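Asker: Position 7 (the sequence shown) corresponds to 16 in my numbering; numbering is contiguous.
Note that the Cβ used here is the ideal one computed from N, Cα and C, for glycine as well.
Bear in mind that the values here come from a model prediction, so they are computed numbers and not experimental data.
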Amino acid sequence: MKKIVAIAFASAAMLSTAFAGEVEGVVKTLDQATSTIELESGEVYTVAEGVELEGIEAGKTVMIMFDDGTTQATEIAIVE
Numbered sequence: 010m011k012k013i014v015a016i017a018f019a020s021a022a023m024l025s026t027a028f029a030g031e032v033e034g035v036v037k038t039l040d041q042a043t044s045t046i047e048l049e050s051g052e053v054y055t056v057a058e059g060v061e062l063e064g065i066e067a068g069k070t071v072m073i074m075f076d077d078g079t080t081q082a083t084e085i086a087i088v089e
């Protein structure tokens, strides 16, 4: 029984990491007051607490990692 439970938990953990997405785009606006970032494509993401925004500004190309099913950005990186 313990083996079945361990397999179920391991499967759930793998599924949670499988549902992550990423998008690359140019920043249109960054509103730190509302913790949102809008790309020129029109996509808007809510920045998760603790995500570093240093150097992120309009006109910069960024890669945004997010949890599928949400628009919560879990990581943002500037693309050089």
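(1) Tell whether a beta-carbon distance below 9 Å holds between residue 52 and residue 71.
(2) DSSP has residue 53 in a bridge; who is on the other side?
(3) Distance check for residue 30 and residue 40, CA to CA, integer angstroms please.
(4) Taking 7 Å as the limit between beta carbons, can you name the residues of its chain near residue 48, skipping five residues before and five after?
(5) Using the three-state DSSP reduction, which class does residue 33 fall into: helix, strand or coil?
Answerer: Looking at the atomic coordinates:
(1) Cβ distance not < 9 Å, so residue 52 and residue 71 don't count as in contact.
(2) 47
(3) 22 Å
(4) 34, 35, 36 and 37
(5) strand
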